[in-house]
Amino acid sequence: MTANLIEAAQQGDIDAYEQLIAHYGTTVERFAFQCGAKYHDVPDISQEVFIRLYRFLHQFNQERFTTWLYKVTLNATRDHYRKQGVERSKEQKVKEGVHLSHSTGSDYKILVDEQDRELHACIQSLDEKYRYPLVLYYFQDCSYNQIAEVLSLPLATVKIRIHRSKDLLRGLLEKGEVSSHGGA
């Protein structure tokens, strides 16, 4: 399905382009947020990703669309904050947390939501060089090779960073605290 949509969009079919947005919109938003985008900035970043997609789709070869889309999203997230001159400390990122609803009132749901917030905060406290490979591997189901391509890193570096990020994350979760000293 995606290959046909990409080909049609490359030939100027607006409906195909809109279907690509509908199909990948949530993926782009989720990945931007996991890369450290503020909740209220995600729609702007997502829009920028799809503008870039529209502008550069004609240059794309269809082999690895999702990998390419992750790379565009990562770069758009970085560029968004560079353009605004926003320098966010790790402490600020952690304080933002995830705005989840506790509308069910169930103790179990509250516990799960709290654990999700803690995990997200710990992941966000990791230095980018550890956070991005971890997010791509565990939350976006990318292979080591895809991660190496998205981040423009050697395969061995990706493997080392994922291993190291798991160790850092485990340490943060066991301590029950998030580092606010500029990253783990």
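Sequential numbering from 0 applies to the sequence shown in numbering that gives the first Met the number 0.
Virtual Cβ for every residue (Gly too), placed ideally from N, Cα, C.
No experiment lies behind these values; they were computed from the predicted model shown.
In this structure, DSSP gives residue 158 a helical state, which the three-state scheme calls helix. Taking every protein chain shown into account, the CB of residue 124 has 16 or more other CB atoms within 10 angstroms, so this residue is buried. Between residue 149 and residue 33 a beta carbon distance of about 13 Å is seen, past the 8 Å cut, so the two are scored as non-contacting. In the DSSP assignment, residue 8 falls within the alpha helix (DSSP H) that extends over 1–9. Its Cα nearest to that of residue 64, the residue 20 stands out among 20, 79, 38 and 36. Selection 145, 36, 175 and 16 evaluated against residue 127 yields 36 as nearest (Cα-Cα).
For the pair residue 66 and residue 30, the CB atoms are not nearer than the 9 Å cut-off.
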